[in-house]
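Data block below; observations after.
In our numbering, the protein residues as written are 408 to 1073.
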């Protein structure tokens, strides 16, 4: 029977062999964490390699994702559908083992990590989902949601500010099923961290309200097991297990130094490491007795069978709840969702009210909330401004996690990354809000939503210089362009209450990526007036106002500037010009339409085009061409009332009309 050290050495060998074969990678972290990982994955963590999607599995997040060979080795050794050939293809094109763990490539990888600190924030979201689902679905004598979220993190994760944001909130919410293992090896890329990282980490986490287990020898399996068991025993608060480790453990000349952090050890050093570890096997050769000792398929199947028996009893006692639980985990919307949301949209057309689109968004939430119990809302301390609270919203707290709204505090970045974790966990559709300008704080997590294809909904309000007196620090200019440039992110900027409701519908129905909904502070006039316009608005861009007579020019607009475009078109129409107004609330959706439809909206033989939007002009030249005109922003804003700012920056009916006339005559 192999010893625990021999089992851990299998991880070390696979890590150094794969990195060497790829001629790039990070062997140090996997070699340093191998002993801790062996204790966790080979006994304490509940998972089933034969069914990586088992609902009640423990979640594992490698926040220091550069050490990706750790998780790949673990998945291979414990019996997941990841082969030795996959490990040999580490970091190669289209392999299941990319340089950082990427969701959707290898089974068992719960989230994409690499940007340091975000993994632990994802783990907070997963633990929050577990606690909320347990509060909503568990019943006396029937516990169907009961699992832990484990996260490995290093010095780099703790230096990133997002770790403070997320871990502070985790302590406040009492996420007792969250256990973080701190790989305290004292090394980062630039060397020993004592020159730039001298925090008292245990005290820091104690101040957050965490249970902290300090001073664990990360290479003593008995000490590690005792610490992890103590962590599991504490269920009222999250736990940080501080493990002192040696980066690159086993490498005679490179362990404990930055030289093994992000580069292959080299053939000579690998030979010396094999000798030091007593590992005499060839590269990628794992003896059968070691493979057998690692194999968790039998144990994992037993875990799932036991849970399934409990769930069957739950289904017998609470059939409707059981069906609802499974529906939500599958990510399926209620059967009547389309009918109900379409009826609401039709009602918005009938009401034909002038309204700020942030208020229209709140009204949509009031309609959606009762029919979508999976909605989990939130705002980064701006609920009263973002208008994300709806009539049935109830806050999630440490004492009562059965609610449907998270008060994130001033934590935009953590909010976005936590929502990613919630979406990955399953059971919820998270939405979170802040001012559009502060999307910048959350930017990388928004990108990760898109990269992972997660249904995460972003509500960004106060969308332009229309914010007014708060000035250029709060007035977004370039943010819309940044969002639209992000692959797999759909960005909606609706012009009225109807388009706002349609934006919510599309965001909720979109299963393979996130949506950013951009809403105004100021009141917008009603524009969409009939069912035909509603149908075409679902295509992301459509003819809102048809030209009178021959088509002389097209003006494209979004949001509050649609009203300017309509007014300018009406003025020119009275002067005999044929001007078409195209509302384009979601350019990405419009671009995805078939060529024939797009030609009916923007006929290619009409080159006289103008776009108008209170954001940066650059994005719109793809539609108007280099000879077209864009009425928008090329500078930062100013501090003044909104009306004065629109006048000052030329976002007026007069300016739009002049630009249209100019392109017609050009």
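Even glycine gets a Cβ: it sits at the ideal position worked out from N, Cα and C.
When only Cα atoms are considered, residue 846 and residue 645 end up about 28 Å apart. Residue pairing by DSSP places residue 952 opposite 988 in a beta bridge. Just so you know, the alpha carbons of residue 498 and residue 506 end up roughly 5 Å apart.
Using a Cβ-Cβ distance cut-off of 8 Å, the region 424-435 and the region 453-468 are not in contact, since fewer than three pairs of beta carbons, one from each stretch, lie closer than that value. Residue 561 is bridged by DSSP to 590. Counting along the chain, no alpha helix (DSSP H) covers residue 671, and no H or E run does either.
In the three-state scheme derived from DSSP, where H, G and I count as helix and E and B as strand, residue 655 is classed as coil.
Going by DSSP, residue 961 is part of the beta strand (DSSP E) stretching over 960-964. Residue 492 and residue 698 have their C-alpha atoms spaced approximately 15 Å apart. At a cut-off of 4 residues, the continuous stretches assigned as alpha helix (DSSP H) that sit fully inside the region 861-946 are 886-891, 904-916, 938-944. Residue 1031 and residue 969 have their C-alpha atoms some 16 Å from each other. Judged by DSSP in its simplified three-state form, residue 1056 adopts coil rather than helix or strand.
Between residue 1049 and residue 873, the CB-CB gap stays under 8 Å. Check the Cα spacing between residue 686 and each of 1072, 416, 999: the tightest is with 416. Sequence-distant partners of residue 922 (beyond 5 residues in either direction) whose C-beta falls short of 6 Å from its own C-beta, in its chain, are 864, 897, 914. Separation of residue 994 and residue 900 (C-alpha to C-alpha, rounded to the nearest whole angstrom) is 9 Å. Apart from sequence neighbours up to five positions away, the residues of its chain that approach residue 422 with a beta-carbon distance below 7 Å are 434, 437, 438, 476, 477, 480, ordered along the chain. Three or more Cβ pairs drawn from the region 707-718 and the region 442-456 lie within less than 8 Å of each other, which places the two stretches in contact. Residue 989 sits close to residue 950, with the two beta carbons spaced by under 8 Å.
Residue burial is scored here from C-beta neighbours: residue 653 has at least 16 other C-beta atoms within 10 angstroms and is therefore classed as buried.
Annotated three-state conformation of residue 993 is coil, per DSSP.
Its chain contains 785, 787, 822 as the residues whose beta carbon lies nearer than 6 Å to that of residue 815, once the 5 sequence neighbours on both sides are disregarded; these appear in chain order. Beta-bridge partners assigned by DSSP to residue 1037: 1018.
Nearest neighbour of residue 738 by Cα position, chosen from 782, 559, 471, turns out to be 782. Beyond the five residues adjoining it in sequence on each side, residue 661 comes within less than 7 Å, by CB distance, of 655, 667, 672, 676 in the same chain, given in chain order.
It is roughly 24 Å from the alpha-carbon of residue 1027 to the alpha-carbon of residue 880. When C-beta atoms of the region 751-762 are compared with those of the region 721-737, fewer than three pairs fall below 8 Å, so the two segments do not count as touching. Under DSSP, residue 624 forms a beta bridge with 651.
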